[in-house]
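Here's the structure we're looking at; comments come further down.
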Amino acid sequence: MHPLQCVLQVQRSLGWGPLASVSWLSLRMCRAHSSLSSTMCPSPERQEDGARKDFSSRLAAGPTFQHFLKSASAPQEKLSSEVEDPPPYLMMDELLGRQRKVYLETYGCQMNVNDTEIAWSILQKSGYLRTSNLQEADVILLVTCSISLASFDLSREKAEQTIWNRLHQLKALKTRRPRSRVPLRIGILGCMAERLKEEILNREKMVDILAGPDAYRDLPRLLAVAESGQQAANVLLSLDETYADVMPVQTSASATSAFVSIMRGCDNMCSYCIVPFTRGRERSRPIASILEEVKKLSEQGLKEVTLLGQNVNSFRDNSEVQFNSAVPTNLSRGFTTNYKTKQGGLRFAHLLDQVSRVDPEMRIRFTSPHPKDFPDEVLQLIHERDNICKQIHLPAQSGSSRVLEAMRRGYSREAYVELVHHIRESIPGVSLSSDFIAGFCGETEEDHVQTVSLLREVQYNMGFLFAYSMRQKTRAYHRLKDDVPEEVKLRRLEELITIFREEATKANQTSVGCTQLVLVEGLSKRSATDLCGRNDGNLKVIFPDAEMEDVNNPGLRVRAQPGDYVLVKITSASSQTLRGHVLCRTTLRDSSAYC
Ligand code: 5AD
Ligand code: SF4
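Printed below as a string of C-alpha cells:
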C-alpha cells in the first residue's frame, strides 16, 4: 500500500475527519513557504492561495498512478541492497534521523524483542543513533505488548498498566527537557499501539507517534511528521509484511543465540486469543531470506537459532510460484483447522531441513508451534537431524474436550494425547512443554480436574500457565461469558502450578546420572563460581566453572567460554534447573548421542 493511502486510512480508522489530513498537508506547506520568504508571514487568504498553488505543484511532483501500481505489485521480498523510494510528498532529508538518539524499551514476548531489532535496523538505516541512556535520548520508543501475559501472571490489564505508568514518567522527562535541546519525541510501537490507538493518542497527548506491528518501515516518515509537532500514526495490519529484507541488528556482541522471525500473524482464531486481531493474518517470510539471515548469524559465531513465529510450524512460503501447485497440507492426525485448508507452498519441514544444514554446529529450535501442524515429516526430521533440538512446545490449553471445543482449538483431549504418544515414539527422549489456561469461560470443576489429569499423564518438562483474561474483539468476548470467579481462576491456576512442578521435577529427575550436551551461556546469576548453559531440551544446567579437557585437542586443559559445547554429568534436578559437573569441551557433531 502506498504511504499516502496509509495516512488517510489510519486517520479514518482513528476517527479523525479528512480535515486532519488536510491540516497536516497545509502545515507542511506553510513550512515550505517560510523557507521562501523568511521575514514575512502571509495573510490567511494569501496563505491559502499560496498553499493551493504549492499544493498543486507538490501534487504535480507527487506520486503518479504508476507509483501506486508499482507499490501494489512490489515483490514480497526486496534485496537488502535495494534503496526504498522516499514517499514523494516528503523531502528526502525530512526522513533522515540526523543523528538523533533513539532509546528503545521492549515489553512482552520474544516476538517483541525481535520486532525491536527490526525497528532499530530500519531507523539505523535512516540515520538515527541508538542510546542505552534514557537521559540523552531524543526519541523514546516503547515496543509494547497486549498479548503475552507473564507466565503464571494474570492480566493484559497489568501489562498495559505498566506502559501507562511508564508514559507518565516519560511525560515528566519531556516537560523538564531544556529548550536548548530538540524536543523529545515519544512513540508507542507494537500490539498496544494497534489495540489502543485512539485511547493512547487522546489520553496521552505527549505520545507523538504510534506504529503497529506491521508499520515499522513507516517509522522514519512517522518521526518526520512528529518533527512538525503533530501526532502521527500507522496501525494498519498488512497481509504480506514479513520484514523479509530487514536484517535485525544483533545487539549483544557476546550472545550465543539469536531469534529469527520466519512468519507473522495467525489464522487460527482460538476463541480466547487476541493475536489474530493485533498481529494480523498469517504470512511467511521467503525461505531464501531466512537462510541468508541464519548464514550471517553462523558467520558471526552464534551457536543457536530459534525460529520465531506466532504459529511457527504453519509456515508456508508461497513466494516461489513453482511450488504453489495444489499439494495438500498434512495435519497431525485427528486435528482440524478453523479455516479453509490451505494448499501448496514450501512448508515447515522443508525450511527446518534447509536451516539445519547451514551449520551443523548450530542448534535449531522453534517457537511457538500449534499441535495441529506436526505431520510425520517434521517429527522424522527432528529425530534424524543432530542439531535440531529434541524439544517440542505443544500448547494444550486445557485437558477437557468440552473446553477445547469452546476454545476452538480444533482437537479433542484424545487426539492431543495420541499426538503426545506419537511424538514420544518418533523422537525418543523428546522434551515437552505446554501452555494452559485456567478458568476459561464455562470451565467447570470437572473440566479443571481433566486438565490436572492431563498434566499428570503427559508429565511436561516445562510449562507456561495462565489465568484466563477476557480480551475485547475475541470470539469469547462476543459469544461467551467470563463466568469463572477470579478467586476460582486463581485457585485453579495455583493447583496447576503445583502439579506441573511436581511432574516436571519427576520428568527432569530422569536425567540424573546422564551426560548431557550443554551450550554454555556464561556465569550463573546466583554464583560467580558456577557457569550456566542449556541442554538440548532447553532446560537450564548449572555446573562449577572448572578446568576440563578439550576432546579435539587431547592434553589441552581449558575453561568453558560462552558459546562452547560441554558435556555435563547431571547430578540433581528440580522443576526448572539441572545441576552437574563438567566433563569436557566438545562439539555438537561429536556428541550427538548421550545418556
Ligand atoms: N487469557 C489467558 N491466557 C491467554 N493466552 C492467550 N490468550 C489468553 C487469554 N485471553 C495464553 C495461551 C497462549 C499463551 C501465549 O498465552 O496459553 O498459548
Ligand atoms: Fe492465539 Fe490460537 Fe493463534 Fe496461538 S494459535 S496465536 S492461541 S489464535
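Going left to right, the sequence shown walks through residues 21 to 615 as our numbering numbers them. Backbone N, C-alpha and C define an ideal beta-carbon position, used for all residues, glycine too.
Nearest-angstrom Cα separation, counted from residue 578 out to residue 373: 34 Å
Neighbourhood of residue 119 by C-beta, 8 Å cutoff - its chain only, sequence neighbours within 5 removed: 147, 148 and 149
Rounded separation between residue 394 and residue 449 - CA only: 17 Å
Close Cβ partners of residue 297 (< 6 Å) along its chain, the five nearest in sequence each way excluded: 493
Those residues, in chain order, that have a beta-carbon closer than 5 Å to some heavy atom of ligand 1: 292, 293, 415, 455, 457, 486, 488, 489 and 491
DSSP state of residue 135 mapped onto helix, strand, coil: helix
Contacts around residue 50, its chain only, beta-carbon distance under 6 Å, and the 5 residues preceding and following it disregarded: Caution applies to residue 50, whose pLDDT of 25 falls short of 50 and renders its modelled position unreliable; the value that the coordinates give is listed next. Nothing meets the Cβ criterion.
Where residue 134 falls, given that 16 or more other Cβ within 10 Å makes a residue buried: buried
For residue 123, three-class secondary structure by DSSP: strand
Beta strand (DSSP E) runs contained entirely in the segment 238–288, provided each spans 3 or more residues: 252–254 and 277–281
8 Å CB neighbourhood of residue 599 in its chain, flanking five on each side removed: 561, 562, 563, 590, 591, 592 and 593
Alpha-carbon spacing of residue 290 relative to residue 392, whole angstroms: 13 Å
Close Cβ partners of residue 206 (< 7 Å) along its chain, the five nearest in sequence each way excluded: 160, 190, 194, 226, 227 and 228
Beta bridge counterpart(s) of residue 602 as assigned by DSSP: 588
Spatially closest choice to residue 452 from 463, 434 and 476, by CA coordinates: 476
Cβ distance (whole Å) where residue 488 is taken to contact residue 504 below 8 Å: 7 Å
Coarse secondary structure for residue 373, derived from DSSP in three states: helix
Residue 596 (DSSP reduced to helix, strand or coil): coil
Identified DSSP bridge partners for residue 205: 159
Residue 47 versus residue 248 - alpha carbon distance: Because the pLDDT at residue 47 is just 22, under 50, the model does not fix this residue reliably, and the point stays unresolved.
Beta-carbon proximity list for residue 610, same chain, < 7 Å, skipping 5 on both sides: 571
Beta bridge counterpart(s) of residue 560 as assigned by DSSP: 554 and 597
Ligand 2 site residues, beta-carbon cut 6 Å against heavy atoms: 286, 288, 289, 290, 293, 295, 296, 330, 331 and 390
Closest by C-alpha distance to residue 447, when choosing among 567, 408 and 474: 408
Range covered by the alpha helix (DSSP H) that runs through residue 448: Careful: residue 448 lies outside any alpha helix (DSSP H) and carries neither H nor E.
Inter-stretch contact (C-beta, 8 Å, three-pair minimum) for the segment 246–265 and the segment 462–471: no
For residue 410 and residue 234, the rounded distance between their alpha carbons: 32 Å
Three-state secondary structure assigned by DSSP to residue 81: In this prediction, residue 81 scores a pLDDT of 47, lower than 50, which makes its location untrustworthy; the coordinate-derived value is nonetheless stated afterwards. Three-state DSSP puts residue 81 in a helix.
Three-state class that DSSP yields for residue 154 in the structure shown: helix
Endpoints, the alpha helix (DSSP H) within which residue 520 is located: 506–529
Among 354, 332, 376 and 377, the one whose alpha carbon lies nearest that of residue 367: 332
Member of 575, 117, 588 and 531 whose CA lies at the smallest distance from the CA of residue 540: 588
Straight-line gap, residue 397 to residue 123 (C-alpha atoms, nearest Å): 44 Å
DSSP-derived helix/strand/coil call for residue 294: coil
Candidates 580, 596, 595 and 597: closest to residue 606 by CA position: 580
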